[in-house]
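First residue of the sequence shown? That's 2 in the numbering used here, and the numbers climb one at a time after it.
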Amino acid sequence: MERVYAFTDEYGNPGWDFSKEGVSTHFIITAIIVKESDLDFLRLEVEKVRKKHFQTGEMKSIKVKTHDRRKRIILDLLKLPFNIFSVVIDKQQLTDSRGLKFKPSFYKFMNNIVHKELRHAFTKLTVVADEIGGSDYMKSFSKYVENNQEVPNLFGESEFMFQNSKSDVLIQLADMISGTIARNFDVQKKGNDVPNFLKILRKKIIRIELYPKTYETYIIKDSALAGDYDEDIANICFKQAVNYINLHENDEDSEAQAQIIVLKYLLFRFMNSGIRNYIPTKELLNQLSNTEIAGISTQSFRTKIIGKLRDNGVIISGSGAKKGYKIPAKESELFDFINHGTTIIMPMLNRLRICRDLIKLGTNNRLDLFENTEYSSLRKYFDN
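Shown next as structure tokens:
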């Protein structure tokens, strides 16, 4: 399995008086995910983008003052081989958590989230962060790595590296992406004239993890489903998915972790307007490419991942015609699942009926295959 590198940087600050200018409503950690085989090429190409747009200076989000300029930079970066994994903390939803208003507690909270999410997503991982001397958050990150004895084993085969952002354009890339994502979340940066950068970046986004994760926060804050949903159905399906994650997120079994990764991606797509189409099986399998069960067959994926989630009450629509899956938000999407299931189940039931009838006829009704106790439910079904 190829090693993956995560170049991280942050947006925001730990302030809580949102009426003050410069106090961010969100804190964002972005990891630029790169395969080891793409590292040299990506550095070379990002450096070209930096020179084009920033000449001799660092590529930093704070230096980009206009939306048009930011969009041009992002479009140049989209051509390159990297992906985005971000954790977005809405501080406005944490105002009742008084302990988090202290900077060390808030940073510890962030560190735990980021480490946990990356650990779940990637097995063979090296994290590269801005070195000491950078932001307060990165100082706390460094201290966390040095002092927390669990960290060396937290990612399995993972490692940590600290580099100066001035000399590493991939950390600068993480800074640019964090600041860009903030334009669609932070109240201080949002506006009617801000482009939908999440939509522009969507093909690069592995997942944006939102905290705190509650259904109420999702509906009130984002209204991402717009008018294209059935409130009851969306509510039921979303809650079932979130409840499963809450119950099983810490399960250590590799298949259980794979189910969590897939379900989180389905939820991420559910919660972002405009990209909530059926998600191809191949795309979902790609989410598992850096886990212990990388390379799982399509059939095993359907039975061990999607099937097990459904067995545990997670409602996932799938359509043979659309060749994908999604968390349903309206009636028609539920019927897609039922119709697809019917095309499989009904022919199988018909084959069982034909077999039973032929044996009964051939034995002059002496042998009914469904008389055995273990087939009583089938007998009741056909007899009714």
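For every residue, glycine included, the Cβ atom is placed at its ideal position computed from N, Cα and C. It should be emphasised that the depicted structure is a prediction, and the values quoted were computed from it without experimental measurement.
Worksheet item: Hey, which unbroken runs of the alpha helix (DSSP H) at 4 residues or more fall wholly within the region 238-294?
Response: Listed in chain order, they are 255-271 and 282-287.
Worksheet entry | Simplified DSSP assignment, three categories, for Q189 | Three-state result, Q189: coil.
Worksheet item: So what does R208 bridge to, in DSSP terms?
Response: R208 is bridged to F86.
Worksheet item: What does DSSP give as the partner residues of S320 in its beta bridges?
Response: BP columns for S320 point to G325.
Item to complete: Name, in chain order, the residues that DSSP records as bridge partners for V24.
Response: According to DSSP, V24 bridges with nothing at all.
Worksheet item: Alpha carbon to alpha carbon, what distance is there between S20 and D91?
Response: Each residue's alpha carbon lies about 15 angstroms from the other.
Discussion item. Taking the alpha-carbon of I85 as reference, which of M177, Q300, L310 and N340 has the nearest alpha-carbon?
Written reply: Nearest of M177, Q300, L310 and N340 to I85, Cα basis: M177.
Discussion item. Let me check one thing: in DSSP terms, what residues is D10 bridge-paired to?
Written reply: According to DSSP, residue pairing for D10 in a beta bridge involves T31.
Worksheet item: In angstroms, rounded to a whole number, what distance separates the CA positions of V89 and A130?
Response: Roughly 17 angstroms between the two C-alpha positions.
Worksheet entry | Host alpha helix (DSSP H) of D41 (start-end) | Taken as a continuous stretch (DSSP letters only), the alpha helix (DSSP H) holding D41 covers L40 to F55.
Fill in: Selection from F28, E3, R4 and K36 that minimises the alpha carbon distance to F210
Reading off the sequence, residue 210 comes out as Glu, not Phe. Nearest option by C-alpha distance: F28.
Worksheet item: What are the residues that DSSP puts in a beta bridge with L126?
Response: Partner(s): V5.
Practice prompt. Return the bridge partner residues of M162 from the DSSP annotation.
Written response: V129, per the DSSP bridge assignment.
Worksheet entry | Short Cβ contact (8 angstroms threshold) for S62 with S179 | Taking 8 angstroms as the Cβ cut-off, S62 and S179 qualify as a contacting pair.
Discussion item. For the alpha helix (DSSP H) containing V170, name the first residue and the last one.
Written reply: Membership of V170 in the alpha helix (DSSP H) is indicated by the continuous run V170 to A183.
Discussion item. Beta-carbon within less than 6 angstroms of V315's beta-carbon, same chain only, minus the 5 sequence neighbours each way: which residues are those?
Written reply: Hits under 6 angstroms: Q241, A242 and Y245.
Fill in: Coil, strand or helix - A225 by DSSP
Reliability fails at A225, whose pLDDT of 42 lies under 50, so the model's placement of it is uncertain and no value is given.
Worksheet item: Of the choices F123, I261, Q93 and H249, whose alpha-carbon is the least far from that of V1?
Response: Outside the modelled stretch of the chain, which goes from 2 to 385, sits residue 1, for which no answer is possible.
Item to complete: Please classify D41: is it buried, with 16 or more other beta-carbons within 10 angstroms of its beta-carbon, or exposed?
Response: Burial is judged here by how many other beta carbons sit within 10 angstroms of a residue's own beta carbon; D41 has fewer than 16 and is exposed.
Discussion item. Rounding to the nearest angstrom, what Cα-Cα distance links T127 and S38 in this structure?
Written reply: Approximately 13 angstroms, taken between the alpha carbons.
Fill in: F239 to M349 span [Cα, whole Å]
A direct Cα-Cα distance of roughly 31 angstroms separates F239 from M349.
Discussion item. On the CB-based measure, 16 or more other CB atoms within 10 Å of its CB, does R184 come out buried or exposed?
Written reply: By the 10 Å Cβ count, R184 comes out buried.
Fill in: Close Cβ partners of K190 (< 6 angstroms) along its chain, the five nearest in sequence each way excluded
Within the same chain, and ignoring the five residues on either side of K190 in sequence, the residues whose Cβ sits closer than 6 angstroms to its Cβ are A183 and R184.
Worksheet item: For D1, which beta-bridge partners are listed by DSSP?
Response: There is simply no residue 1 to check, as the chain begins at 2 and stops at 385 in what is shown.
Discussion item. Comparing C-alpha positions only, which one of S25, T31, D18 and R4 sits nearest to D10?
Written reply: Distance check between D10 and each of S25, T31, D18 and R4 places T31 closest, using alpha-carbon atoms only.
Item to complete: Can you have a look at Q1 and say buried or exposed, based on whether 16 or more other CB atoms are within 10 angstroms of its CB?
Response: Outside the modelled stretch of the chain, which goes from 2 to 385, sits residue 1, for which no answer is possible.
Worksheet item: Hey, Y326 and I317 are a contact pair by Cβ (cut 8 angstroms); roughly how many whole angstroms apart?
Response: Y326 to I317, Cβ: 5 angstroms. Contact.
Discussion item. With DSSP as the reference, identify every bridge partner of K36, one or two as the case may be.
Written reply: The bridge partners DSSP lists for K36 are V5.
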